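Number of protein chains: 4
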Amino acid sequence: MRALLAGFEPFDGATVNPSWEAVRLVPGAHAVLLPCVFGAATDRLRAAMLEHGPEVVVCVGQAAGRADVTVERVAINLDDARIPDNAGDQPVDRPVVPGGPAAYFATLPVKACVAAARKAGVPASVSHSAGTFVCNHVFYGLMHLIATEFPQVRGGFVHVPVAPGQVLDQGGPSMPSMPSMPVTMVAEALTAIVTAAGLVHDDLRLTGGSLH
Amino acid sequence: MRALLAGFEPFDGATVNPSWEAVRLVPGAHAVLLPCVFGAATDRLRAAMLEHGPEVVVCVGQAAGRADVTVERVAINLDDARIPDNAGDQPVDRPVVPGGPAAYFATLPVKACVAAARKAGVPASVSHSAGTFVCNHVFYGLMHLIATEFPQVRGGFVHVPVAPGQVLDQGGPSMPSMPSMPVTMVAEALTAIVTAAGLVHDDLRLTGGSLH
Amino acid sequence: MRALLAGFEPFDGATVNPSWEAVRLVPGAHAVLLPCVFGAATDRLRAAMLEHGPEVVVCVGQAAGRADVTVERVAINLDDARIPDNAGDQPVDRPVVPGGPAAYFATLPVKACVAAARKAGVPASVSHSAGTFVCNHVFYGLMHLIATEFPQVRGGFVHVPVAPGQVLDQGGPSMPSMPSMPVTMVAEALTAIVTAAGLVHDDLRLTGGSLH
Amino acid sequence: MRALLAGFEPFDGATVNPSWEAVRLVPGAHAVLLPCVFGAATDRLRAAMLEHGPEVVVCVGQAAGRADVTVERVAINLDDARIPDNAGDQPVDRPVVPGGPAAYFATLPVKACVAAARKAGVPASVSHSAGTFVCNHVFYGLMHLIATEFPQVRGGFVHVPVAPGQVLDQGGPSMPSMPSMPVTMVAEALTAIVTAAGLVHDDLRLTGGSLH
Numbered sequence: 001m002r003a004l005l006a007g008f009e010p011f012d013g014a015t016v017n018p019s020w021e022a023v024r025l026v027p028g029a030h031a032v033l034l035p036c037v038f039g040a041a042t043d044r045l046r047a048a049m050l051e052h053g054p055e056v057v058v059c060v061g062q063a064a065g066r067a068d069v070t071v072e073r074v075a076i077n078l079d080d081a082r083i084p085d086n087a088g089d090q091p092v093d094r095p096v097v098p099g100g101p102a103a104y105f106a107t108l109p110v111k112a113c114v115a116a117a118r119k120a121g122v123p124a125s126v127s128h129s130a131g132t133f134v135c136n137h138v139f140y141g142l143m144h145l146i147a148t149e150f151p152q153v154r155g156g157f158v159h160v161p162v163a164p165g166q167v168l169d170q171g172g173p174s175m176p177s178m179p180s181m182p183v184t185m186v187a188e189a190l191t192a193i194v195t196a197a198g199l200v201h202d203d204l205r206l207t208g209g210s211l212h
Numbered sequence: 001m002r003a004l005l006a007g008f009e010p011f012d013g014a015t016v017n018p019s020w021e022a023v024r025l026v027p028g029a030h031a032v033l034l035p036c037v038f039g040a041a042t043d044r045l046r047a048a049m050l051e052h053g054p055e056v057v058v059c060v061g062q063a064a065g066r067a068d069v070t071v072e073r074v075a076i077n078l079d080d081a082r083i084p085d086n087a088g089d090q091p092v093d094r095p096v097v098p099g100g101p102a103a104y105f106a107t108l109p110v111k112a113c114v115a116a117a118r119k120a121g122v123p124a125s126v127s128h129s130a131g132t133f134v135c136n137h138v139f140y141g142l143m144h145l146i147a148t149e150f151p152q153v154r155g156g157f158v159h160v161p162v163a164p165g166q167v168l169d170q171g172g173p174s175m176p177s178m179p180s181m182p183v184t185m186v187a188e189a190l191t192a193i194v195t196a197a198g199l200v201h202d203d204l205r206l207t208g209g210s211l212h
Numbered sequence: 001m002r003a004l005l006a007g008f009e010p011f012d013g014a015t016v017n018p019s020w021e022a023v024r025l026v027p028g029a030h031a032v033l034l035p036c037v038f039g040a041a042t043d044r045l046r047a048a049m050l051e052h053g054p055e056v057v058v059c060v061g062q063a064a065g066r067a068d069v070t071v072e073r074v075a076i077n078l079d080d081a082r083i084p085d086n087a088g089d090q091p092v093d094r095p096v097v098p099g100g101p102a103a104y105f106a107t108l109p110v111k112a113c114v115a116a117a118r119k120a121g122v123p124a125s126v127s128h129s130a131g132t133f134v135c136n137h138v139f140y141g142l143m144h145l146i147a148t149e150f151p152q153v154r155g156g157f158v159h160v161p162v163a164p165g166q167v168l169d170q171g172g173p174s175m176p177s178m179p180s181m182p183v184t185m186v187a188e189a190l191t192a193i194v195t196a197a198g199l200v201h202d203d204l205r206l207t208g209g210s211l212h
Numbered sequence: 001m002r003a004l005l006a007g008f009e010p011f012d013g014a015t016v017n018p019s020w021e022a023v024r025l026v027p028g029a030h031a032v033l034l035p036c037v038f039g040a041a042t043d044r045l046r047a048a049m050l051e052h053g054p055e056v057v058v059c060v061g062q063a064a065g066r067a068d069v070t071v072e073r074v075a076i077n078l079d080d081a082r083i084p085d086n087a088g089d090q091p092v093d094r095p096v097v098p099g100g101p102a103a104y105f106a107t108l109p110v111k112a113c114v115a116a117a118r119k120a121g122v123p124a125s126v127s128h129s130a131g132t133f134v135c136n137h138v139f140y141g142l143m144h145l146i147a148t149e150f151p152q153v154r155g156g157f158v159h160v161p162v163a164p165g166q167v168l169d170q171g172g173p174s175m176p177s178m179p180s181m182p183v184t185m186v187a188e189a190l191t192a193i194v195t196a197a198g199l200v201h202d203d204l205r206l207t208g209g210s211l212h
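Chains as they are written, first to last, in the UniProt record's numbering: chain A, 1 to 212; chain B, 1 to 212; chain C, 1 to 212; chain D, 1 to 212.
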């Protein structure tokens, strides 16, 4: 199976982005680095898809504050940026694709992906919101590309915790750190997720969901 | 302006549901009590819309753990229940409306609604996930009704914190309580939200959104 | 029973402090406003104790982020300030009282106080740390005064959530608010706590405590 | 420097305790396994101190829900158990040592220990409450032993997050996991802490502390 993994460059003043650090460690997959820029990120992703012809595409982004690897279930047609992207763009309530559907569901088997990450020893769960910043933008863009140009590709998005090195100096000695996860552990989860995406045809029928 | 507010009956073993307690306190609006049952809840809502002919419909549900009133932005076409509903139904990965779009956006001016609640003194924010249980089911059902039968209606969904009385006995004397909000305060927020929904044509262009 | 309640002035740039707003609303008790200043706060408290001759003294402070009213169990002999106090003093690892004991337990019946607040409808719990800023400083100072000058007084400390008005503008429209509680509700809890402190001789033997 | 590290056996139905898994991995230190039993745990610790004659003793326990390694600053003279210990004992408001002081401060250089763990790449912070269960019991017991029998020993307590393997099956596929940390990473922090405890005479004067 040909897999393409995309990670992001650092943003919001950070010097590393664990999504890129981790995707580089996944064996047997192409890794592409995306700019944290509305529009340009999706353009770069499309170029990589044309170049590598993947069967599975998993985009990966950082979710500061989350404690586990989260497999996103749905991308929404909305750009609404709390902070500027790396090119200074800060859209407010703009569609990712004008005229596009309100949302796309991931075509990854999201519950099987979570089960595979957990089986590999890495805490993981399904998430129902990828936010409204560049991560959701790329996720929606990917699913729109699949819907319009690459119908044979299976695709989705995974959010990952920050790396431990990012939370070592976030306050005085008594300030508790936000949750973090080593990038090697994130990479193990991504490896399991990509494998599940290639092997599992129908998603697992696991009872779950969020009450709100 | 004719407004219809819907609240839910208690579920998951609770004896009260703050959504219903609060909607009954909103002056000048019809209030309808929905069963916490997939399918039946939307049927009841449709009947009330036919009966009252509202211009604005706001459905309201409980979100245990949230600390403020949240105006939901998007409903997704997915029923995935962590617990059974009040009729014992527990769907797994079932569409709300087979063949329906992946999602609908609220047609309430969500940022103006948040601003109105805050102006009324009640903490509030926009949320990008209403979960996958009966709340999201009714929210999606409402927006689908609007899209297919009631095109003149403006509609959306608001999640509210639990009431203080629900968290008084959740553990021993040293167990911190989850966040709660008096139902009178929730009702003030809902009143402000309904008013904003009737008065505001275009939503406020406030910088915001979620990073993830 | 003669009761003295102490609240604090605003600090860290805030314009209100819910502790002072709430103590002023408790019927039948003297209320004293303390400066948020190491040393001066305890001096002011001692002067009020000399003036009013209370049988019960409850000092009250703000705990931003907490969702319920917390009755503190233990004061420690440590000033360690993350931010400057209102006079610009920012001690690091300094004892409250040089040569004093490492800690004092509150002599309020803390579990009975929690039970009384809950019975009054207000979420509450016992806390095992009052921090190391001016709140803990005053709490320790109070218990030291009781140990050395006012042996007939029963005393303790209560932390309260921020008021709703303090969290209305803490971010964009999609930024969730931290937990808050109306000051009238806080005042009801304080009234119940002061009453319990006067009536209950031996604390309730309720199973509880914190695992960590 | 002769160091003794103590970890706990599993409790509350768990099959592993990361404190014991991690202390076994610290090079150059004696490791002792403590029962999660009031009284017996301190007896076992005392026996190990007599046997090994350590200069530094660090007891380590699990703190489910915390995201980083926390160096405890103060032990209080209170046993108040939310759940039974492994022998079925569940004390309510009982002193650890009848007639003992209300609290002991750790004699580890707690801020230097946090700085050392962070320098080793592991998120860490100072905590001001070790709870009121067996962890605090052993911490108080250790400091009382030091105060009464082993005046030359430097001692303290460290709480550690749960291991990833403990949170893999805590709910359905959409249930977010609580924070966790690999035990190898915990062991790196403990190694750095023990080293700092042996090398640092006076603690670092770092601005810090908790507001509440």
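Even glycine gets a Cβ: it sits at the ideal position worked out from N, Cα and C.
Owing to the predicted nature of the structure, the values given are computational and were not obtained by experimental measurement.
What is the DSSP secondary structure of residue i, counted as helix, strand or coil?
{"i": "A/Phe157", "result": "strand"}
{"i": "C/Phe105", "result": "strand"}
{"i": "residue 218 of chain A", "result": "In the structure as shown, chain A starts at 1 and stops at 212, and residue 218 of chain A therefore has no counterpart that could be examined."}
{"i": "D/Val138", "result": "helix"}
{"i": "B/Cys59", "result": "strand"}
{"i": "D/Glu9", "result": "coil"}
{"i": "A/Thr207", "result": "coil"}
{"i": "A/Thr132", "result": "coil"}
{"i": "D/Ile76", "result": "strand"}
{"i": "B/Arg4", "result": "For the record, residue 4 of chain B in the displayed sequence is Leu; it is not Arg. Reduced to three states, the DSSP call for B/Leu4 is strand."}
Would you report the Cα separation of residue i and residue j, rounded to the nearest angstrom?
{"i": "A/Arg154", "j": "A/Ala197", "result": "8 Å"}
{"i": "A/Asn86", "j": "B/Phe150", "result": "42 Å"}
{"i": "D/Gly33", "j": "C/Val114", "result": "Reading off the sequence, residue 33 of chain D comes out as Leu, not Gly. Going by the C-alpha atoms only, they are around 37 Å apart."}
{"i": "B/Leu206", "j": "C/Pro173", "result": "7 Å"}
{"i": "B/Ala75", "j": "D/Val97", "result": "58 Å"}
{"i": "B/Pro27", "j": "C/Val110", "result": "41 Å"}
{"i": "B/Gln170", "j": "C/Gly208", "result": "12 Å"}
{"i": "D/Ser180", "j": "A/Met49", "result": "35 Å"}
{"i": "D/His212", "j": "B/Val194", "result": "38 Å"}
{"i": "C/Ala112", "j": "D/Val92", "result": "14 Å"}
{"i": "D/Val71", "j": "C/Ala63", "result": "22 Å"}
{"i": "D/Gly61", "j": "C/His128", "result": "18 Å"}
{"i": "B/Thr184", "j": "A/Val37", "result": "44 Å"}
{"i": "B/Tyr140", "j": "B/Gly39", "result": "11 Å"}
Identify the contact partners of residue i in chain D, using a Cβ-Cβ distance below 8 Å as the criterion.
{"i": "A/Ala67", "result": "Ala67, Pro176, Ser177, Met178, Pro179 and Ser180"}
{"i": "A/Arg154", "result": "Correct list: empty, because the minimum Cβ distance to chain D is about 18 Å."}
Quick one: list the residues of chain C neighbouring residue i, beta-carbon separation under 9 Å, in chain order.
{"i": "A/Arg94", "result": "Correct list: empty, because the minimum Cβ distance to chain C is about 15 Å."}
{"i": "A/Gly28", "result": "Neighbours of A/Gly28 on chain C: none; closest Cβ ~38 Å, over 9 Å."}
{"i": "A/Arg82", "result": "Gly171, Gly172, Ser174 and Met175"}
Quick one: which chain B residues come within Cβ less than 7 Å of residue i?
{"i": "C/Ser125", "result": "Pro173, Ser174, Met175, Pro176 and Ser177"}
Name the chain B residues whose beta carbon is nearer than 8 Å to that of residue i?
{"i": "A/Cys135", "result": "Leu211 and His212"}
{"i": "C/Val167", "result": "Asp68 and Pro123"}
Using a cut-off of 8 Å between C-beta atoms, extract the partners of residue i located in chain C.
{"i": "B/Leu206", "result": "Gly172 and Pro173"}
Residues of chain C with a CB under 7 Å from the CB of residue i: which are they?
{"i": "D/Pro101", "result": "Pro101 and Ala102"}
Which chain A residues are close to residue i, counting only those with a beta carbon under 9 Å from its beta carbon?
{"i": "B/Ser129", "result": "Val74, Ser127, His128, Ser129, Ser210 and His212"}
If the cut is a Cβ gap below 7 Å, which residues of chain A does residue i touch?
{"i": "B/Ala63", "result": "His212"}
{"i": "D/Ala106", "result": "Those do not exist, as D/Ala106 stays about 13 Å from chain A at its closest Cβ, beyond 7 Å."}
Taking C-beta pairs closer than 8 Å, name the residues in chain A that residue i reaches, listed in chain order.
{"i": "D/Pro164", "result": "Gly121, Val122, Pro123 and Met185"}
Output, in chain order, the set of chain D residues within a Cβ distance shorter than 7 Å of residue i.
{"i": "A/Val114", "result": "Pro173"}
Worksheet item: So does the stretch 8-17 of chain D actually touch the stretch 55-66 of chain C, counting three or more Cβ pairs closer than 8 Å?
Response: Flag = no, the stretch 8-17 of chain D and the stretch 55-66 of chain C do not touch.
Discussion item. Below 8 Å, how does it come out for the stretch 63-73 of chain A and the stretch 114-125 of chain A: are there three or more Cβ pairs, yes or no?
Written reply: Result yes; three or more Cβ-Cβ pairs closer than 8 Å.
Discussion item. Measuring CB atoms only, is the stretch 97-112 of chain D touching the stretch 154-164 of chain D, in the sense that at least three cross pairs come out at less than 8 Å?
Written reply: Counting Cβ pairs under 8 Å, three or more are found: they touch.
Item to complete: Counting only runs of 4+ residues fully inside the stretch 7-45 of chain A, write out the alpha helix (DSSP H) ranges in chain order.
Response: For the stretch 7-45 of chain A, whole alpha helix (DSSP H) runs of length 4 or above, ordered along the chain, are 18-23.
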